[in-house]
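Below is one structure; the comments refer to it alone.
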Amino acid sequence: EAQVTQNPRYLITVTGKKLTVTCSQNMNHEYMSWYRQDPGLGLRQIYYSMNVEVTDKGDVPEGYKVSRKEKRNFPLILESPSPNQTSLYFCASSYRGTNTGELFFGEGSRLTVL
Amino acid sequence: AQKVTQAQTEISVVEKEDVTLDCVYETRDTTYYLFWYKQPPSGELVFLIRRNSFDEQNEISGRYSWNFQKSTSSFNFTITASQVVDSAVYFCAYSGYSTLTFGKGTMLLVSP
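Residue numbers (the working numbering), protein chains in the order written: chain E, 1356 to 1469; chain L, 25 to 136.
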């Protein structure tokens, strides 16, 4: 089954404790992206990757890091989480770019930073 | 920069009413794509439709229909004979090549 898998789905952590949200897709997609969703703000792009070893900042990259060492994986790293990073995070992938077809989303990861 | 505006924050209707969700976008690009996604209470994002800037034909899929008007930069979504299961947040989104810009969403509440 074609899917984008995120882990963990739910996480409560404390300020400053490094964490990684993993994202994996099994569709051999070149493009992957991370979004955060906050009430009243919709979804905002954090980082995206057009292919392996190629990453670019989205609209809200501060406080986040990503890497794309393999085509299927695109982890989101919070080196020192802060309460303003409490949010619902979505990973997404598509064949190539955002205009080549449907963007497939993971189920979301709800992160709470205390 | 591209911008997507969904002016309706929340809409409440009674089952079987028709409802239209508005989406207006701003861009200087000539080639672009527009999307609608549904986010039910369970939280996942469900793809509904993708439309490119060269195709202004309206589209109908069951009770759903979309009206794309380039002249007014609008891509509106109509649900005919709404049902309780249509209750969700609906997002309109604009795509260039590498980014997908979302509107802030419209929460639709359909009551029995």
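By construction, the Cβ of each residue, glycine as well, lies at the ideal position given by its N, Cα and C atoms. In this text the structure is predicted, and so the values were computed from the model without any measurement.
Residue i: contacting residues in chain L (beta-carbon distance under 7 angstroms)
i          : result
Tyr1403(E) : Ser122 and Thr123
Leu1396(E) : Lys128
Phe1445(E) : Leu69
Same chain only: Cβ atoms within 8 angstroms of residue i, ignoring 5 sequence neighbours per side
i          : result
Glu68(L)   : none
Glu1408(E) : Arg1423 and Lys1424
Asp1411(E) : Tyr1402, Tyr1403, Ser1404 and Met1405
Thr54(L)   : Ser77
Arg1364(E) : Glu1462, Gly1463, Ser1464 and Arg1465
Cβ shell of residue i (< 6 angstroms), same chain only, five flanking positions each side left out
i          : result
Tyr49(L)   : Val28, Ser97 and Tyr118
Arg1369(E) : Before going on, a small fix: residue 1369(E) reads as Val here, not Arg. If we look at Val1369(E) and ignore the five residues flanking it on each side, its Cβ neighbours are Leu1469.
Ile1367(E) : Thr1467
Asn82(L)   : Asn91
Ser34(L)   : Before going on, a small fix: residue 34(L) reads as Glu here, not Ser. Within the same chain, Glu34(L) has close Cβ partners Met131.
Thr44(L)   : Asn100 and Thr102
Val113(L)  : Gln63, Gly129 and Met131
Val38(L)   : Ser135
Leu124(L)  : Ala117
7 angstroms Cβ cutoff, residue i in contact with chain L
i          : result
Thr1453(E) : yes
Gln1400(E) : yes
Chain-ordered neighbours of residue i on chain E, where CB pairs are closer than 8 angstroms
i        : result
Arg74(L) : Gly1456 and Glu1457
Glu68(L) : Phe1460, Glu1462 and Gly1463
Neighbour-count burial assignment, residue i, 16 or more Cβ in a 10 Å radius
i          : result
Leu1396(E) : exposed
Phe78(L)   : exposed
Asn1454(E) : buried
Val108(L)  : exposed
Ala1447(E) : buried
Pro1436(E) : buried
Lys128(L)  : buried
Gly86(L)   : exposed
Gly1413(E) : buried
Val70(L)   : exposed
Cβ-heavy atom distance, residue i to the ligand GTP, below 6 angstroms
i        : result
Asn91(L) : Here there are no bound small molecules, and the ligand GTP is not part of this structure.
Chain E contact for residue i (CB, 7 angstroms cutoff)
i        : result
Tyr57(L) : yes
Phe78(L) : no
Ser85(L) : no
Ser89(L) : no
Bounding residues of the beta strand (DSSP E) (the contiguous stretch that carries residue i)
i          : result
Gly1411(E) : Gly is not the amino acid found at residue 1411(E); the sequence shown has Asp there. Val1409 to Lys1412 is the span of the beta strand (DSSP E), which, as asked, contains Asp1411(E).
Lys27(L)   : Lys27 to Thr29
Ser106(L)  : Per DSSP, Ser106(L) belongs to no beta strand (DSSP E) and is neither H nor E.
Arg1399(E) : Gly1397 to Asn1406
Ala1357(E) : Taken as a continuous stretch (DSSP letters only), Ala1357(E) belongs to no beta strand (DSSP E), as it is neither H nor E.
Tyr1386(E) : Tyr1386 to Asp1393
Chain E contact residues for residue i, given Cβ-Cβ distances below 9 angstroms
i         : result
Phe99(L)  : By Cβ distance, chain E contributes nothing, its closest Cβ being about 15 angstroms from Phe99(L), past 9 angstroms.
Ser119(L) : Gly1452, Thr1453, Asn1454 and Leu1458
Phe115(L) : Gly1397 and Leu1398
Sequence-distant residues of its chain with Cβ nearer than 7 angstroms to residue i (five each side left out)
i          : result
Lys1420(E) : Ile1432 and Glu1434
Within chain L, the residues that residue i reaches when beta carbons sit closer than 8 angstroms
i          : result
Gly1413(E) : Thr123
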